[in-house]
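Each residue of the sequence shown is one higher than the one before, counting from 371 in my numbering.
Just so you know, even glycine gets a beta-carbon here, dropped at the ideal spot from N, CA and C.
Below you'll find the structure, written out as structure tokens, and then a few comments.
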Amino acid sequence: MLRNTTNQKSPKSTPITDDYEISSRILGLGLNGKVVQCIHRRTGEKFALKVLHDNPKSRREVELHWRASGCRHIVAIRDVYENTYAGSNCLLVVMECMEGGELFQRIQDRQDSPFTEREAAQIMHEICIAVHHLHSMDIAHRDLKPENLLYHRPQARLCGFPPFYSSNGLAISPGMKKRIRTGQYEFPSPEWSNVSQAAKDLIRAMLQC
Numbered sequence: 371m372l373r374n375t376t377n378q379k380s381p382k383s384t385p386i387t388d389d390y391e392i393s394s395r396i397l398g399l400g401l402n403g404k405v406v407q408c409i410h411r412r413t414g415e416k417f418a419l420k421v422l423h424d425n426p427k428s429r430r431e432v433e434l435h436w437r438a439s440g441c442r443h444i445v446a447i448r449d450v451y452e453n454t455y456a457g458s459n460c461l462l463v464v465m466e467c468m469e470g471g472e473l474f475q476r477i478q479d480r481q482d483s484p485f486t487e488r489e490a491a492q493i494m495h496e497i498c499i500a501v502h503h504l505h506s507m508d509i510a511h512r513d514l515k516p517e518n519l520l521y522h523r524p525q526a527r528l529c530g531f532p533p534f535y536s537s538n539g540l541a542i543s544p545g546m547k548k549r550i551r552t553g554q555y556e557f558p559s560p561e562w563s564n565v566s567q568a569a570k571d572l573i574r575a576m577l578q579c
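Shown next, in the form of structure tokens:
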């Protein structure tokens, strides 16, 4: 079971179709599959449904996202279901439906027309509020990019919570994090060897701040 925290409820084992009608409308595509629209049967409210294979990595992702859902600039989780979907054990994550699209799409739509200084400042302000909220909970997002910033009316909200995992799939220990921060950990090749010395110097300086 997912651990219960202040902003978490317990996952439901009842069929999601008892509460939601699942639409064929695709809202987005991600590394873990598609996100589709679902509609709450009682209220008629629209939500986004993400389907994750039930494994420790997915549970960690959902746990972090659920814990962080109390911030106005983070996409909120409404419900989580532990169901069998297409013959596999899955976590069905019901989230706010962000019908304003991605920041990435808005950047593309601008083409050669840049954001104004005020618009850019507003976007950065909203990102910083979300990141500050995460850091106050000792959560590092690790994947800040325009594709993970979705719009709800005029506001941008952060989504996508890839957990901090090592290559063998195990959560990195506090001791490992300390060695990384203090430069005592040798990152494996080829990942680290392909990083430029200038980038390494920048990371080192940031960690020393």
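If the criterion is Cβ atoms closer than 9 Å, does the pair residue i and residue j meet it?
{"i": "H410", "j": "G470", "result": "no"}
{"i": "V464", "j": "L422", "result": "no"}
{"i": "R448", "j": "I499", "result": "no"}
{"i": "E517", "j": "L473", "result": "yes"}
{"i": "D513", "j": "G530", "result": "yes"}
{"i": "C408", "j": "L419", "result": "yes"}
{"i": "D424", "j": "S458", "result": "yes"}
{"i": "F644", "j": "I493", "result": "What the structure shows of the chain is the stretch from 371 to 579, and residue 644 is not part of that stretch, so it cannot be assessed."}
{"i": "V450", "j": "K382", "result": "yes"}
Within 10 angstroms of the Cβ of residue i, are there 16 or more other Cβ atoms? Answer buried if so, exposed if not.
{"i": "I396", "result": "exposed"}
{"i": "L519", "result": "buried"}
{"i": "R437", "result": "buried"}
{"i": "I444", "result": "buried"}
{"i": "M312", "result": "Here the chain comprises residues numbered 371 to 579, so residue 312 is not present and cannot be evaluated."}
{"i": "A568", "result": "exposed"}
{"i": "H495", "result": "exposed"}
{"i": "R574", "result": "exposed"}
{"i": "H502", "result": "exposed"}
{"i": "S536", "result": "Note on S536: pLDDT 43, under 50, position unreliable in the model; the coordinate value appears next. Label assigned to S536: exposed."}
{"i": "A490", "result": "exposed"}
{"i": "R412", "result": "exposed"}
{"i": "R488", "result": "exposed"}
{"i": "A526", "result": "buried"}
Measure from the C-beta of residue i to each C-beta in chain C and report whether the shortest distance is under 9 Å.
{"i": "H511", "result": "No chain C appears in the structure shown, which is made up of a single protein chain."}
In its own chain, which residues sit with a C-beta less than 7 Å from the C-beta of residue i, not counting the 5 before and 5 after it?
{"i": "N453", "result": "P385, I386, C460, L462"}
{"i": "S393", "result": "V406, Q407, C408, I409"}
{"i": "A446", "result": "S439, M465, E466"}
{"i": "V565", "result": "none"}
{"i": "I336", "result": "In the structure displayed, the chain extends from 371 to 579; residue 336 sits before or after that span and is not available."}
Could you spell out the range, first to last residue, of the alpha helix (DSSP H) harbouring residue i?
{"i": "A491", "result": "487 to 506"}
{"i": "R356", "result": "The requested residue 356 does not occur in the structure, where the chain is confined to residues 371 to 579."}
{"i": "P426", "result": "426 to 437"}
Looking at the unbroken beta strand (DSSP E) that takes in residue i, where does it start and where does it end?
{"i": "I477", "result": "Taken as a continuous stretch (DSSP letters only), I477 belongs to no beta strand (DSSP E), being part of the alpha helix (DSSP H) at 473 to 480."}
{"i": "L514", "result": "Counting along the chain, L514 falls outside any beta strand (DSSP E), and DSSP gives it neither H nor E."}
On the DSSP bridge assignment, give the partners of residue i in chain order.
{"i": "M643", "result": "The shown model of the chain, from 371 to 579, leaves out residue 643, and the question about it has no answer."}
{"i": "I509", "result": "Looking at the DSSP assignment, I509 forms no beta bridge with any residue, so it has no partner."}
{"i": "C408", "result": "I392, F417"}
{"i": "L519", "result": "L528"}
{"i": "N459", "result": "T454"}
{"i": "G398", "result": "V405"}
Beta-carbon within less than 6 Å of residue i's beta-carbon, same chain only, minus the 5 sequence neighbours each way: which residues are those?
{"i": "H511", "result": "L504"}
{"i": "S483", "result": "none"}
Once the 5 residues before and after residue i are set aside, which same chain residues still bring their CB inside 8 Å of it?
{"i": "F417", "result": "Y390, Q407, C408, I409, H410, R448, V464, M465, E466, C467"}
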